[in-house]
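K.L.:
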Amino acid sequence: MYSEKVYPPPISWFLGALFGLAIGLVFGAPFGFVVGIISGALAAGLVTMGLWRSIYEIRIDQQVLIAEGNRVSREHITSCTPLDRAAARRTLGPEADPASLVIMRGWVHTAVKVEISDPANRTPYLFISTRKANEIADLLNKKG
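Take a look at the structure:
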(Lines of atoms letter the chains of each structure in order from A and count residues from 1; the text may use other names and numbers.)
(Lines give C-alpha, C1' and ligand atoms only; values in the text may rest on other atoms or scores of the structure.)
Protein backbone atom coordinates (compact mmCIF):
# COMPACT_ATOMS: atom_id res chain seq x y z
CA MET A 1 0.00 0.00 0.00
CA TYR A 2 2.73 2.52 1.02
CA SER A 3 6.50 2.24 1.10
CA GLU A 4 9.22 4.82 1.62
CA LYS A 5 12.96 4.30 1.92
CA VAL A 6 14.68 7.07 3.86
CA TYR A 7 18.12 7.68 2.37
CA PRO A 8 20.86 10.09 3.42
CA PRO A 9 21.07 13.16 1.18
CA PRO A 10 23.52 13.05 -1.77
CA ILE A 11 25.88 15.50 -0.05
CA SER A 12 26.53 12.88 2.66
CA TRP A 13 27.89 10.42 0.11
CA PHE A 14 30.07 13.14 -1.41
CA LEU A 15 31.40 14.16 2.01
CA GLY A 16 32.18 10.49 2.76
CA ALA A 17 34.29 10.28 -0.39
CA LEU A 18 35.97 13.58 0.50
CA PHE A 19 36.72 12.23 3.98
CA GLY A 20 38.36 9.16 2.42
CA LEU A 21 40.48 11.41 0.20
CA ALA A 22 41.53 13.51 3.20
CA ILE A 23 42.51 10.43 5.23
CA GLY A 24 44.42 9.13 2.23
CA LEU A 25 46.38 12.37 2.00
CA VAL A 26 47.05 12.46 5.75
CA PHE A 27 48.44 8.91 5.81
CA GLY A 28 49.92 9.02 2.32
CA ALA A 29 52.19 12.01 2.89
CA PRO A 30 54.35 10.52 5.66
CA PHE A 31 53.95 6.79 4.89
CA GLY A 32 53.81 6.64 1.11
CA PHE A 33 51.37 6.33 -1.76
CA VAL A 34 50.24 2.74 -1.13
CA VAL A 35 49.46 3.38 2.55
CA GLY A 36 47.56 6.53 1.53
CA ILE A 37 45.45 4.67 -1.02
CA ILE A 38 44.68 1.82 1.39
CA SER A 39 43.83 4.09 4.34
CA GLY A 40 41.71 6.40 2.14
CA ALA A 41 39.80 3.46 0.69
CA LEU A 42 39.21 2.02 4.17
CA ALA A 43 38.02 5.36 5.56
CA ALA A 44 35.68 5.97 2.61
CA GLY A 45 34.42 2.39 2.89
CA LEU A 46 33.64 2.76 6.59
CA VAL A 47 31.75 6.02 6.04
CA THR A 48 29.83 4.48 3.13
CA MET A 49 28.96 1.43 5.22
CA GLY A 50 27.69 3.68 8.03
CA LEU A 51 25.57 5.69 5.62
CA TRP A 52 24.24 2.52 3.99
CA ARG A 53 23.24 1.07 7.37
CA SER A 54 21.36 4.26 8.23
CA ILE A 55 18.86 3.69 5.40
CA TYR A 56 15.52 2.41 6.64
CA GLU A 57 12.11 1.64 5.19
CA ILE A 58 8.63 2.65 6.28
CA ARG A 59 5.91 0.28 5.06
CA ILE A 60 2.20 0.54 5.66
CA ASP A 61 -0.47 -1.92 4.57
CA GLN A 62 -4.00 -2.70 5.74
CA GLN A 63 -2.86 -4.53 8.89
CA VAL A 64 0.51 -3.19 10.02
CA LEU A 65 2.94 -0.27 10.11
CA ILE A 66 6.58 -1.33 9.82
CA ALA A 67 9.33 1.22 10.44
CA GLU A 68 12.95 0.10 10.67
CA GLY A 69 11.83 -3.42 11.59
CA ASN A 70 9.40 -2.29 14.32
CA ARG A 71 5.88 -3.57 13.73
CA VAL A 72 2.71 -1.91 15.01
CA SER A 73 -0.71 -3.29 14.22
CA ARG A 74 -2.96 -0.65 12.67
CA GLU A 75 -5.72 -1.54 15.13
CA HIS A 76 -3.51 -0.18 17.95
CA ILE A 77 -2.79 3.14 16.23
CA THR A 78 -5.07 5.79 17.71
CA SER A 79 -3.82 8.81 15.75
CA CYS A 80 -0.97 10.05 13.62
CA THR A 81 0.23 13.66 13.59
CA PRO A 82 2.53 15.14 10.93
CA LEU A 83 5.31 17.23 12.46
CA ASP A 84 7.16 20.06 10.78
CA ARG A 85 10.69 20.98 11.81
CA ALA A 86 9.66 23.05 14.87
CA ALA A 87 7.09 20.52 16.08
CA ALA A 88 9.56 17.66 15.64
CA ARG A 89 12.12 19.55 17.70
CA ARG A 90 9.56 20.15 20.49
CA THR A 91 8.47 16.52 20.42
CA LEU A 92 12.06 15.34 20.80
CA GLY A 93 12.87 18.00 23.39
CA PRO A 94 10.63 19.39 26.11
CA GLU A 95 7.58 17.30 25.16
CA ALA A 96 9.49 14.01 24.86
CA ASP A 97 8.29 10.88 26.60
CA PRO A 98 11.22 8.61 27.56
CA ALA A 99 9.11 5.51 26.91
CA SER A 100 8.51 6.44 23.27
CA LEU A 101 10.25 4.77 20.34
CA VAL A 102 12.27 7.25 18.28
CA ILE A 103 13.28 6.39 14.73
CA MET A 104 15.14 9.51 13.70
CA ARG A 105 17.71 10.59 11.17
CA GLY A 106 19.22 14.02 11.59
CA TRP A 107 19.05 14.84 7.90
CA VAL A 108 15.26 14.42 7.75
CA HIS A 109 13.59 17.41 9.37
CA THR A 110 9.94 16.34 9.23
CA ALA A 111 8.37 13.43 11.06
CA VAL A 112 5.18 11.77 12.22
CA LYS A 113 4.06 11.05 15.76
CA VAL A 114 2.09 7.80 15.80
CA GLU A 115 0.04 7.42 19.01
CA ILE A 116 -0.31 3.80 20.16
CA SER A 117 -2.75 2.16 22.58
CA ASP A 118 -1.56 -1.43 22.87
CA PRO A 119 -2.00 -3.11 26.29
CA ALA A 120 0.89 -5.49 25.51
CA ASN A 121 3.23 -2.62 24.54
CA ARG A 122 3.89 0.25 26.93
CA THR A 123 5.27 2.50 24.19
CA PRO A 124 2.98 5.58 24.07
CA TYR A 125 4.02 6.70 20.59
CA LEU A 126 6.46 6.29 17.74
CA PHE A 127 8.41 9.25 16.42
CA ILE A 128 9.39 8.45 12.83
CA SER A 129 11.49 10.72 10.62
CA THR A 130 10.02 10.87 7.13
CA ARG A 131 10.06 13.16 4.14
CA LYS A 132 6.35 12.47 3.49
CA ALA A 133 4.80 13.23 6.88
CA ASN A 134 1.43 14.48 5.61
CA GLU A 135 0.96 11.49 3.32
CA ILE A 136 1.71 9.00 6.09
CA ALA A 137 -0.53 10.82 8.58
CA ASP A 138 -3.43 10.87 6.11
CA LEU A 139 -2.99 7.17 5.42
CA LEU A 140 -2.74 6.11 9.08
CA ASN A 141 -5.65 8.30 10.19
CA LYS A 142 -8.00 6.57 7.73
CA LYS A 143 -10.02 3.94 9.51
CA GLY A 144 -10.90 0.72 7.73
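Quick note on numbering: the sequence shown equals residues 64 to 207 in the numbering used here.
Where is the CB? At the ideal position from N, CA and C, for every residue including glycine.
In this text, all values refer to a predicted model and were calculated from it rather than measured experimentally.
(1) Compare the C-alpha of Y188 against each of S66, K205 and L128 and name the closest.
(2) Is the Cβ-Cβ distance between C143 and A107 less than 9 angstroms?
(3) If we ignore side chains and look at the alpha-carbon of each, how far apart do G79 and E120 end up?
(4) Beta carbon of Y70, beta carbon of I123: below 9 angstroms?
(5) Starting from L114, follow its DSSP beta bridges and name the residues at the other end.
(6) Would you kindly work out how many angstroms separate the C-alpha atoms of T111 and V165, rounded to a whole number?
(7) Could you compute how far the alpha carbon of G156 sits from the alpha carbon of K195?
(8) Using DSSP with H/G/I as helix, E/B as strand and the rest coil, what is A183?
P.N.:
So, from the listed chains and residues:
(1) Checked all of S66, K205 and L128; the closest Cα to Y188 is L128.
(2) With respect to the 9 angstroms criterion, C143 and A107 are not classified as neighbours on the basis of their beta carbons.
(3) Rounded to whole angstroms, the gap between the alpha carbons of G79 and E120 is 22 angstroms.
(4) Result no, Cβ atoms of Y70 and I123 do not sit closer than 9 angstroms.
(5) In DSSP, L114 forms no bridge with anything.
(6) CA-to-CA, the gap between T111 and V165 works out to about 23 angstroms.
(7) Spanning the two alpha carbons is a distance of roughly 22 angstroms.
(8) Coil, per DSSP.
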